[in-house]
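Taking our numbering, the leading residue of the sequence shown gets 293, the next gets one more, and so forth.
Quick notes on the structure that follows.
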Amino acid sequence: MKLLIDIKANRVLFAEADKNVVDFLFSLLALPVATIVQMLGKGSISGSFGNLYGSVENLDHTYVLPHMEKGRILNPTVMASPASTSRSSLLLPMPSSGQPESLFRCASYGWLIDASGYNVQKAPSQGFVQGVVTYTVKDDLTVTPMSTISTITMLNAAGVSNFGDLQEMTVLLGYAEGLAIVKASLQSKTVLTDVFLKRTYY
């Protein structure tokens with residue numbers, strides 16, 4: 293993930309994020325409160341989760357994978373425990389129909405077919421958002437598809453007048469950073485700054 297930093301103000305203006313980062317951030321909305329409490333300890337639930345929720349609500353359907361619905365993330369009914377995934381990234385669980393789907397591989401051609409004999413050309417993409425788009429993640433975790441115009445608008449809104457005060461920084465989003473983002477998002481409106489610059493939530 294690439295951060296655009298205002299070095300004079302020591303703050304993250306926004307991040308350039310791919311599908312994996314946005315899927316992780318949106319999957320935070322599917323975490324049960326009890327799981328968050330177990331992961332981070334007791335704390336208030338405020339901060340940037342509302343912005344994540346609003347980002348999903350406002351995300352145009354063209355950016356959502358065809359087999360996904362916004363309702364799955366806004367009103368989750370089936371959730372996987374992050375403890376069961378150990379240190380893997382948190383992603384939304386696939387919907388459950390009660391019965392596991394059986395797929396078979398054709399020995400002659402290698403095609404995947406379901407129990408009815410239907411040729412399954414390609415498994416659906418994992419996660420929530422399309423992977424062909426780059427996304428903007430603001431410091432308060434507001435997520436939008438990235439565009440040149442929106443970038444200029446964000447720079448103007450942040451009061452940036454000297455591009456010499458801006459610096460790009462590439463950061464990795466691993467397990468420790470993921471937990472820090474969860475913790476910061478419950479308490480802060482400047483999540484990216486707190487996690488990656490001030491390192492407050494480690």
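Beta carbons: idealized from backbone N, C-alpha and C, even for Gly.
| query | result |
| --- | --- |
| What does a CB cutoff of less than 6 Å around ASN312 pick up in its chain, not counting 5 residues either side in sequence? | none |
| What is the rounded straight-line gap between the Cα of ARG379 and the Cα of PRO358? | Interpretation of ARG379 is limited by its pLDDT of 38, a score under 50 that renders its predicted location unreliable; the figure taken from the coordinates is listed afterwards. Taking the straight line joining both Cα atoms gives about 28 Å. |
| Quick one: what does DSSP say ASP298 is sitting in, helix, strand or coil? | strand |
| Classify GLU308 as helix, strand or coil using the three-state DSSP reduction. | strand |
| Measure the beta-carbon distance from GLU460 to LEU296 and round it to whole angstroms, keeping in mind my assumption that it falls under 8 Å. | 6 Å |
| Do ASP431 and THR492 come within 8 Å of each other at the CB atom, strictly closer than that value? | no |
| Going by Cα to Cα distance, which pick from ALA476, ASN448 and VAL356 is closest to VAL424? | VAL356 |
| Please list, in chain order, all residues of the same chain as ILE233 whose beta carbon is under 8 Å from its beta carbon, the five residues on each side excluded. | As shown, the chain starts at 293 and ends at 494. That puts residue 233 outside it, with no answer to give. |
| List the endpoints of the continuous alpha helix (DSSP H) containing GLU460. | From DSSP, GLU460 is part of no alpha helix (DSSP H) but of the beta strand (DSSP E) over 458-462. |
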